[in-house]
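Protein chains: 2
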Amino acid sequence: MREPLSRERVLSAAVALADKEGIGALTMRRLAADLGVEAMSLYYHLPGKDGLLDGLVETVLAEITVAIDETGATSRARRRTAAGRTGTASRTAIADRNRRAGASSGDWRDQLRGWFLAARAVMLRHPWAPALIGTRRRVPDALYAYYERILGALIEAGFSHRIAHRALHSFGSMPLGFVQELFSPTPAGTTETEPSEEEIAAMAEVMPHLAAMVAAEMHDAADPMLGWCDSQVEFEFTLDLLLDGLERFRNT
Amino acid sequence: MREPLSRERVLSAAVALADKEGIGALTMRRLAADLGVEAMSLYYHLPGKDGLLDGLVETVLAEITVAIDETGATSRARRRTAAGRTGTASRTAIADRNRRAGASSGDWRDQLRGWFLAARAVMLRHPWAPALIGTRRRVPDALYAYYERILGALIEAGFSHRIAHRALHSFGSMPLGFVQELFSPTPAGTTETEPSEEEIAAMAEVMPHLAAMVAAEMHDAADPMLGWCDSQVEFEFTLDLLLDGLERFRNT
DNA sequence: ACCTGAACACCGTTCAAGT
DNA sequence: ACCTGAACACCGTTCAAGT
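Given below as structure tokens:
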């Protein structure tokens, strides 16, 4: 009746489980149960829990590679509409100006931008992935291949190997589509909704600047559709800050 | 004979254990053994393992606060020597030029730079801290206080609340003195020493740009004292990229 | 007030055994 | 070739009991 297990089936069940209930729910016993099998059966297809986690990272990297290849296929169309997009890129003045001045000098930036944002879309589907990737020790081969690709784009754009090397470090985890989120200005314990007047008042006593920032940002908000901390905007702002900063190091 | 336990003694024993054997060795039973006590005794002083980890983060943040206060006390002396320092800052051309053009317009940058580098020194003493901080869910109060401080410096320097907010996001984990290290160009399995000629040749076939970068960086190396991947240089390069990029958004 | 022993539920994993 | 049952070592944690 039921076909035999395989590494692929185990991995995709693991991804599904992590997506649905978080990586904390991913135990050998639970995963086996989801597959209608005993925990020990998994060891026939995988070297153990650690190998399972390596496989998860591998799977996510493969998804990113697919996503990036797709941006490549449609890069011309994307680039043409980038400057006119509403809401996100258009709000980072720095990038806008560069695109206006533009010609084809912005090519390398648009390409990397497209890749990193495509990776981000993958990460949004797998919220457990950043923490997992961040704690893995072994660097998967697929990651080297990806960095090789980024490096190729940088070298071709006219960067020296030294600056390209530093750029890779500066990008941090952005090529994989995420940044470390240490800080959310909404203190833990409060709701997801906007802070109340009283909460801001209480906060103002001890942390006046943070309180003022919260107040100002709520008041300034041009587009009410976007929440208090719209990570997409922040991600793109940081990305453009880095890309535009690096542009100055390019050789012609 | 032996004085009773306390939350402080437990925490400092935990820090010592993590420093010496890594966070993986930090179990309730092991920590208790180090303190000459049974595992269950710890629960009298701490709410549990999770509370212990919260306490560790708290301890590290306190160390950072102390380190930052010290930079404040000697900030004038530091700033005067920053441009002439050998090896690190002087190699990031961008920062050098700004300091030369300088006057006091670089003040906010030097201040934040000093803070973040002081935090980095703390992290180097506690290599387990970045991974721990990155996975904690609750944002400790001390972190809010720290961000309040950074925000104050930014506002005083003339940034709008909106840009200051984005700057906080852009800094990522740099205020805590670390960046996510996903990528070390030395493939896992190779030694810490420089890659051999054959290794580079083999690498060149499949990843030409990475291989060329390794070769170029080794050849170019102006200062043979520094290794292939000197994180200090990379940290400061990225930091200056962000600080100098933000400078353009400052009001007067 | 401070610490302990025994026990529980839950891990990942080994190993010999089934079909 | 593929899966299983029983067992082991190790977690964090509860709870009643000691002093």
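For the protein sequence lines, the chains are A and B, in the order given.
For the first sequence, the residue numbers in the working numbering are 8 to 259.
For the second sequence, the residue numbers in the working numbering are 8 to 259.
Glycine is no exception: its CB is placed at the ideal position from the N, C-alpha and C atoms.
Being a predicted model, the structure only gives us computed values, none of them experimental.
- Not a single C-beta of chain A is nearer than 8 Å to the C-beta of B:THR72.
- The DSSP assignment places complete alpha helix (DSSP H) segments of no fewer than 4 residues inside the stretch 20 to 87 of chain A at 35 to 41, 49 to 52 and 56 to 80, in order along the chain.
- If you look at B:GLN118, you'll find it in the alpha helix (DSSP H) that goes 114 to 132.
- Under the 10 Å beta carbon count, A:TYR51 is surrounded by fewer than 16 other beta carbons and is classified as exposed.
- About 6 Å separates the beta carbon of A:HIS168 from that of B:GLU224, a gap short enough to meet the 8 Å contact definition.
- Boundaries for B:ASP237: no alpha helix (DSSP H) harbours it, and the DSSP string shows neither H nor E there.
- DSSP places B:PHE185 outside both helix and strand once states are collapsed to three, so it counts as coil.
- Scanning its chain for C-beta atoms nearer than 6 Å, with the 5 sequence neighbours on each side dropped, one finds no residue around B:SER13.
- Fewer than three pairs of CB atoms, one per stretch, sit closer than 8 Å, so the stretch 112 to 124 of chain A makes no contact with the stretch 33 to 48 of chain A.
- With contacts defined by Cβ atoms closer than 8 Å, A:LEU18 and A:GLY62 form a contacting pair.
- Burial check for B:ASP251: the Cβ neighbour count within 10 Å reaches 16 or more, so the residue is buried.
- Its Cα nearest to that of A:PHE185, the residue A:ILE140 stands out among A:ALA164, A:ILE140 and A:GLU212.
- Taking a C-beta distance under 8 Å as the contact criterion, A:ALA152 and A:LEU161 do not qualify as a contact pair.
- Judged by DSSP in its simplified three-state form, A:ARG169 adopts helix.
- Counting C-beta atoms within 10 angstroms of its own C-beta, A:ASP76 has fewer than 16 neighbours from the protein chains shown and is therefore classed as exposed.
- In the DSSP assignment, A:GLY159 falls within the unbroken alpha helix (DSSP H) covering 148 to 164.
- Going by DSSP, B:LEU139 is part of the alpha helix (DSSP H) stretching over 136 to 142.
- Beyond the five residues adjoining it in sequence on each side, A:ALA171 comes within less than 8 Å, by CB distance, of LEU158, LEU161 and ILE162 in the same chain, given in chain order.
- Secondary structure of B:GLY252 (DSSP, three-state): helix.
- None of the residues of the stretch 48 to 75 of chain B has a beta carbon lying less than 8 Å from any beta carbon of chain A.
- With 16 or more other Cβ atoms from the protein chains shown falling within 10 Å of its own Cβ, A:VAL67 counts as buried.
- By the criterion of a C-beta distance shorter than 6 Å, B:ALA125 is surrounded in its chain by ALA74, ILE75 and THR78, once the five residues flanking it on both sides are discounted.
- By the beta-carbon neighbour count (other beta carbons within 10 angstroms, threshold 16), B:VAL221 is buried.
- One finds SER167, HIS168 and ARG169 in chain A with Cβ atoms closer than 8 Å to the Cβ of B:ALA223, taken in chain order.
- B:LEU53 is classed as buried because its beta carbon has at least 16 other beta carbons within 10 Å across all chains shown.
- Listed in chain order, the non-local C-beta contacts of B:PRO147 below 8 Å within the same chain comprise ASP61, VAL64, GLU65 and LEU68, local neighbours out to five positions each way being set aside.
- In this structure, DSSP gives B:THR245 a helical state, which the three-state scheme calls helix.
- When Cβ-Cβ separations below 8 Å define contact, A:VAL17 makes no contact with chain B.
- DSSP, reduced to helix, strand and coil, places A:PRO11 outside both helices and strands of the structure shown, so it counts as coil.
- The Cβ of A:GLY184 sits no closer than 8 Å to any Cβ of chain B.
- Along the stretch 17 to 38 of chain A, there is no position whose C-beta sits under 9 Å from a C-beta of chain B.
- The residues MET181, PRO182, GLY184 and LEU246, in chain order, have a CB closer than 7 Å to that of B:PHE123 in the same chain once the five nearest residues on each side in sequence are set aside.
- When Cβ-Cβ separations below 8 Å define contact, B:ASP251 makes contact with chain A.
- Taking a Cβ-Cβ threshold of 7 Å, the residues of chain A close to B:GLN187 are GLY141, GLY179, SER180 and GLN187, in chain order.
- In this structure, the beta-carbon distance from A:PHE244 to B:SER238 does not fall below 8 Å.
- Residues of chain A whose Cβ lies closer than 8 Å to the Cβ of B:THR259 do not exist; the shortest such Cβ separation is about 17 Å.
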